[in-house]
Amino acid sequence: MKQKLKDILELAGNEISVIRDAKSLEDARVKFLGKKGKLTEVLRGMGQLSKEERPAIGKLANEVRQKIESIFAEVAAQVEKEALAVKFEKEKLDVTIPGNRRGIGKKHPLTQAIEEMEEIFIGLGYDIAEGPEIETVQNNFDALNTELNHPSRDEQDTFYITDDILLRTQTSPVQIRVMKSSKPPIKIICPGRVYRADTVDATHSPVFHQIEGLVIDKGVTMGDLIGTLKLFAKNLFGENTEIRLRPHHFPFTEPSAEVDVSCWVCGGTGCRVCKGEGWIEILGAGMVHPNVMKACGIDPEVYSGFAFGMGVERAAMGRHSISDLRLLFDNDLRFLDQF
Ligand code: DAH
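For the sequence shown, the numbering used here begins at 59 and goes up steadily by one.
If you want it as structure tokens, here you go:
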């Protein structure tokens, strides 16, 4: 029995001292000191010992238990120390390493352009109106006094959904919606997407953006239109910007004009950007046609008004000297990051 106890002590010493992790340590504890462990197993045999032998063996057994326990304590301390060291190594923090830069998104140049234009008109007391991109032929053409054989109605140019429904080709139908749903005085702009069956190239896209403007009140004149556009152009392109109106035809305005601004690069002397003209066309405008007002239940004998519509892409490209429209839709961050 003495020998057995000594063997257990030796075995425990050998096995426990090489343990390096908490789980194995616990297993070993069960193996040597547990209820069904080796030590208990030996002590069960105590009953067979003579009375004289018992105290000495009992004492030895206690010593063995204490020794094994102290081996455990020693190894446990070591295991814990090593685990901590591993943990520290893993969680080591080098406060001198530069941080990870997180890219912050920004608004698309077209959104920036729209918001900038909105700001100018909001400052002039305009409200922002909206209309659907899927429109009726009635609102997009008929109510806008567009004759049945007008080329813009052509199936080659316009995305029809049915005979009566289409993707709006202009933001002008929002004029109709606003005039039908509210009473003068009306003073709105409407930014939005429009669609035409154009093949993609450096200056064309089947989807693009316009900003429409509409003012209806008593006594509104062409002078008000010109003053408004002049103020807008100076705000957007710079204080020295001039505008000029060229006679034109739009079905929904009479008289109508195309409006140019003096070139924002050369100031009017002629350069590459304005193709030597000194002027760059930015929008169409005119006095709202009496037929359009009548179609919306507004009496043209009492009220008058002006309207205008401009292309957002054109303006944004001009201001940022972007030479290819496609860049605005490709969504290449290397390009977009510049604005
Ligand atoms: N809707 C016209 C276009 O897409 C632009 C336009 C011209 C709008 C004259 C107007 C306007 O409101 O009065 O070409």
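Built from N, CA and C at the ideal position, the CB exists for glycine as well.
Residue range of the unbroken beta strand (DSSP E) whose run includes residue i
{"i": "residue 342", "result": "337-346"}
{"i": "residue 302", "result": "301-308"}
{"i": "residue 224", "result": "223-225"}
{"i": "residue 229", "result": "From DSSP, residue 229 is part of no beta strand (DSSP E); its letter is neither H nor E."}
{"i": "residue 268", "result": "265-275"}
{"i": "residue 192", "result": "192-194"}
Neighbour flag for residue i against chain B, beta carbons, 9 angstroms
{"i": "residue 282", "result": "Absent from the structure is chain B; it holds one protein chain and no more."}
Outcome for residue i when other beta-carbon atoms lying within 10 angstroms are tallied against a minimum of 16
{"i": "residue 307", "result": "exposed"}
{"i": "residue 160", "result": "exposed"}
{"i": "residue 270", "result": "buried"}
{"i": "residue 203", "result": "buried"}
{"i": "residue 371", "result": "buried"}
{"i": "residue 189", "result": "buried"}
{"i": "residue 281", "result": "exposed"}
{"i": "residue 162", "result": "exposed"}
{"i": "residue 296", "result": "exposed"}
{"i": "residue 113", "result": "exposed"}
{"i": "residue 236", "result": "buried"}
{"i": "residue 232", "result": "buried"}
{"i": "residue 146", "result": "exposed"}
{"i": "residue 193", "result": "buried"}
{"i": "residue 367", "result": "buried"}
Residue range of the alpha helix (DSSP H) that includes residue i
{"i": "residue 163", "result": "Taken as a continuous stretch (DSSP letters only), residue 163 belongs to no alpha helix (DSSP H), as it is neither H nor E."}
{"i": "residue 128", "result": "111-148"}
{"i": "residue 167", "result": "167-181"}
{"i": "residue 199", "result": "No alpha helix (DSSP H) contains residue 199, which DSSP labels as neither H nor E."}
Three-way DSSP call (helix, strand, coil) for residue i in this model
{"i": "residue 103", "result": "helix"}
{"i": "residue 249", "result": "strand"}
{"i": "residue 368", "result": "strand"}
{"i": "residue 186", "result": "strand"}
{"i": "residue 363", "result": "strand"}
{"i": "residue 315", "result": "strand"}
{"i": "residue 108", "result": "coil"}
{"i": "residue 378", "result": "helix"}
{"i": "residue 320", "result": "strand"}
{"i": "residue 74", "result": "helix"}
Beta-carbon gap between residue i and residue j smaller than 9 angstroms
{"i": "residue 138", "j": "residue 80", "result": "yes"}
{"i": "residue 155", "j": "residue 67", "result": "no"}
{"i": "residue 343", "j": "residue 300", "result": "no"}
{"i": "residue 365", "j": "residue 239", "result": "no"}
{"i": "residue 225", "j": "residue 219", "result": "yes"}
{"i": "residue 198", "j": "residue 228", "result": "yes"}
{"i": "residue 153", "j": "residue 272", "result": "no"}
{"i": "residue 242", "j": "residue 363", "result": "yes"}
{"i": "residue 275", "j": "residue 361", "result": "yes"}
{"i": "residue 318", "j": "residue 340", "result": "yes"}
{"i": "residue 143", "j": "residue 83", "result": "no"}
Exercise. Report yes or no: do the segment 347-356 and the segment 252-269 share at least 3 C-beta pairs separated by less than 8 angstroms?
Key: Too few Cβ pairs lie closer than 8 angstroms, so no.
Quiz prompt | Stretch pair the segment 197-215 + the segment 316-323: three plus CB contacts closer than 8 angstroms | solution = Put simply, the segment 197-215 does not touch the segment 316-323. Fewer than three CB pairs are less than 8 angstroms apart.
Quiz item: Okay, do the segment 286-304 and the segment 174-183 touch, 3+ Cβ pairs below 8 angstroms being the bar?
Solution: The count of Cβ pairs closer than 8 angstroms, one atom from the segment 286-304 and one from the segment 174-183, reaches three, so the stretches are in contact.
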